[in-house]
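According to UniProt numbering, the first sequence holds residues 1 to 353 in order. These notes are about the structure you will find just below.
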Amino acid sequence: MSVQTSDTIDTRQEFAARILDWYDRSARVLPWRVPPGSNAVPDPYRVWMAEVMLQQTTVAAVAGYFERFTVRWPTVADLAAADDADVMAAWAGLGYYARARNLLACARAVVAEHGGRFPDNEAALRALPGVGDYTAAAVAAIAFGQPAVVVDANIERVIARHRLIETPLPAAKRGIKAALAPLVPAARPGDFVQALMDLGAGICTPRSPACAICPVMADCRARGRADIERLPVKPAKKAKPQRHGVAHWIERDGCIWLVRRPEKGMLGGMRALPGGEWSGTPVESELSESGIAQVDHGFTHFDLRLTLVRGETPPEGPDAAGEGEWWPLSTLDAAGLPTLYRKLIDRLRETDG
DNA sequence: AAGACGTGGGC
DNA sequence: TGCCCAAGTCT
Numbered sequence: 001m002s003v004q005t006s007d008t009i010d011t012r013q014e015f016a017a018r019i020l021d022w023y024d025r026s027a028r029v030l031p032w033r034v035p036p037g038s039n040a041v042p043d044p045y046r047v048w049m050a051e052v053m054l055q056q057t058t059v060a061a062v063a064g065y066f067e068r069f070t071v072r073w074p075t076v077a078d079l080a081a082a083d084d085a086d087v088m089a090a091w092a093g094l095g096y097y098a099r100a101r102n103l104l105a106c107a108r109a110v111v112a113e114h115g116g117r118f119p120d121n122e123a124a125l126r127a128l129p130g131v132g133d134y135t136a137a138a139v140a141a142i143a144f145g146q147p148a149v150v151v152d153a154n155i156e157r158v159i160a161r162h163r164l165i166e167t168p169l170p171a172a173k174r175g176i177k178a179a180l181a182p183l184v185p186a187a188r189p190g191d192f193v194q195a196l197m198d199l200g201a202g203i204c205t206p207r208s209p210a211c212a213i214c215p216v217m218a219d220c221r222a223r224g225r226a227d228i229e230r231l232p233v234k235p236a237k238k239a240k241p242q243r244h245g246v247a248h249w250i251e252r253d254g255c256i257w258l259v260r261r262p263e264k265g266m267l268g269g270m271r272a273l274p275g276g277e278w279s280g281t282p283v284e285s286e287l288s289e290s291g292i293a294q295v296d297h298g299f300t301h302f303d304l305r306l307t308l309v310r311g312e313t314p315p316e317g318p319d320a321a322g323e324g325e326w327w328p329l330s331t332l333d334a335a336g337l338p339t340l341y342r343k344l345i346d347r348l349r350e351t352d353g
């Protein structure tokens with residue numbers, strides 16, 4: 001599918017000029033960002049760290065994590081030398097935990113294969129763990145000033161509307177990228193990318209876009225359409241199944257028994273309360289109401305009702321699933337438990353005292 | 001290539 | 001309340 005650009009008011013240069021001019025006046029101030037007009041040089045490590053944290057995650061949720069990570073591990077070499085458990089615990093609560101495992105693997109690859117410096121081109125970045133099409137292009141543009149074609153959900157929305165691309169995602173991705181490519185300026189490509197993302201986040205929003213103050217409304221093909229919120233067209237969502245599970249509260253001498261979940265799968269590599277598989281049928285303790293706490297937690301592709309029961313002893317022997325450790329109750333907050341378990345324990349404290 | 005993979009906030 | 005959504009990647 002080809003996208004016509006010859007009928008626009010803006011020339012290619014004018015589009016970028018309007019975007020950059022708007023950015024110079026309206027750029028968000030963010031901890032990982034070099035402000036427009038600053039002479040500071042972006043640190044590729046910080047740019048990469050922020051991009052990974054921001055995958056499918058809001059700016060507000062990332063800010064505190066970014067601060068803690070970069071203070072604790074100021075360079076990629078520091079992160080590469082960190083203990084896996086410390087990094088996983090520090091990531092707890094941010095979600096999509098494969099990112100934390102890949103973050104560490106990537107840092108170690110940069111040290112082992114690139115002498116501790118991030119590669120400056122999209123192809124080499126793309127080969128690093130946890131770095132996909134988006135992140136490779138974003139780091140190339142923002143950290144290294146390369147005119148990469150960066151497409152995230154914000155830019156998808158901006159371009160799908162501006163060019164009135166009605167093809168449903170993800171098929172529309174190719175056309176969106178093709179439409180964006182000729183608009184990327186040779187100068188300030190990193191600011192251009194960040195400007196487009198700010199525009200999508202603040203002006204060209206999913207609902208109630210502020211078209212009246214958009215810097216490129218003049219030639220936006222979706223402007224004024226009653227159904228502009230429909231763009232980009234997304235596939236229908238599937239129903240989420242309900243699952244049920246049990247977690248065990250095993251306490252001894254002021255300590256609680258924690259396990260580490262397998263690397264693959266849900267909450268992979270994270271500390272957790274011991275428990276069985278999560279299945280489609282209610283657990284016995286749920287039906288008999290013998291649990292000491294319960295939580296309903298929504299994941300991306302299923303809902304979970306987790307029931308906490310008091311246990312006597314940890315599983316013993318080599319057949320016990322996963323390794324475990326006695327963790328002092330007084331420092332349980334520092335264990336780095338995923339939100340699911342933190343919620344469950346909060347519920348226990350509310351009711352149990 | 002469709003599904004797995006977390007969480008919190010906005011409306 | 002419940003649904004939608006967010007600077008995606010991996011398999």
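Where is the CB? At the ideal position from N, CA and C, for every residue including glycine.
query	result
Please report the straight-line C-alpha distance between Arg221 and Arg163, rounded to a whole angstrom.	6 Å
Looking only at DSSP bridge pairs, what is Leu199 linked to?	DSSP lists no partner for Leu199.
Under the three-state reduction of DSSP, which class applies to Gly132: helix, strand or coil?	coil
Within the same chain, show all residues whose beta-carbon is closer than 6 Å to that of Pro318, passing over the 5 residues directly before and after it, in chain order.	Model confidence at Pro318 stands at a pLDDT of 48, short of 50, so the residue's coordinates are unreliable; what they give is reported in the following sentence. Excluding residues within five positions, none has a Cβ falling inside 6 Å.
Give the C-beta separation of Gly93 and Thr339 to the nearest angstrom, bearing in mind that I take them to be a contact with Cβ-Cβ under 8 Å.	5 Å
Is His301 helix, strand or coil when you go by DSSP?	coil
Using the rule of at least 16 other Cβ atoms within 10 Å of the residue's Cβ for burial, across every protein chain shown, is residue 364 buried or exposed?	Residue coverage of the chain in this structure runs from 1 to 353, which leaves residue 364 outside it and unanswerable.
According to DSSP, is Val139 helix, strand or coil?	helix
Tell me which same chain residues have a C-beta within less than 6 Å of the C-beta of Cys106, skipping the five on either side of it?	Leu128, Pro129 and Gly130
Would you mind stating whether Arg243 and Gly280 have Cβ atoms separated by less than 8 Å?	yes
Just verifying my parser: in three-state terms, what is the DSSP assignment at Ala92?	coil
Since Trp257 is in the beta strand (DSSP E), which residue starts that stretch and which ends it?	Cys255 to Arg260
Which residue or residues does DSSP assign as beta-bridge partners of His244?	Ser279 and Arg305
Rounded to whole angstroms, how far is the Cβ of Trp32 from the Cβ of Phe69, which I believe are closer than 8 Å?	The pair is not a contact, with the Cβ atoms about 11 Å apart (cut-off 8 Å).
State whether the stretch 143-159 contacts the stretch 197-205, with contact taken as three or more CB pairs (one from each stretch) at a distance under 8 Å.	yes
Out of Pro119, Ala334, Trp22 and Trp249, point me to the one whose CA is closest to Leu273's CA.	Trp249
If contacts are defined as beta-carbon pairs under 8 Å, then Ile165 and Ala172 qualify, I think. What distance do you get, rounded to the angstrom?	5 Å
Quick one: is Pro241 buried, meaning 16 or more other Cβ sit within 10 Å of its Cβ, or exposed?	exposed
Starting from the Cα of Ile176, find the closest Cα among Ala186, Ala187 and Ala160 and give me that residue.	Ala160
Can you tell me the Cβ-Cβ gap for Val76 and Gly116, rounded? I've got them flagged as a contact below 8 Å.	6 Å
DSSP beta-bridge partners for Val295?	Leu306
Please classify Leu183 as buried or exposed, where buried requires at least 16 neighbouring CB atoms within 10 angstroms.	buried
What did DSSP end up calling Gln189 once you bin it into helix, strand or coil?	Correcting the residue identity first, residue 189 is Pro in this sequence and not Gln. The answer is helix: DSSP assigns Pro189 an H, G or I state.
Can you tell me the Cα-Cα spacing of Thr313 and Val150, whole angstroms?	52 Å
Rounding to the nearest angstrom, what Cα-Cα distance links Leu20 and Lys234 in this structure?	29 Å
Given 8 Å as the limit, is there contact between the stretch 252-271 and the stretch 185-196, that is, 3 or more CB pairs closer than that?	no
Going by alpha carbons, who is nearest to Trp278 out of Ala85, Thr300, Phe192 and Arg305?	Arg305
What did DSSP end up calling Arg252 once you bin it into helix, strand or coil?	strand
May I have the straight-line CA-CA distance separating Lys332 from Ala89, to the nearest angstrom?	The sequence shown places Leu at residue 332, not Lys. Their Cα atoms are separated by approximately 11 Å.
Helix, strand or coil for Ala153, going by three-state DSSP, please let me know.	helix
Among the residues of its own chain, which have a CB less than 6 Å from the CB of Ala181, if the five just before and after it don't count?	Val149
Quick one: measure Cβ to Cβ for His297 and Lys343, integer angstroms, because I've assumed they're closer than 8 Å.	6 Å
As a quick exercise: from Gly37, Trp73, Ser38 and Pro35, pick the residue whose alpha carbon is nearest that of Met49.	Trp73
Could you have a look at Trp327 and say whether DSSP puts it in helix, strand or coil?	strand
Would you mind sorting Arg101 into buried or exposed? The rule is 16 or more other CB atoms within 10 Å of its CB.	buried
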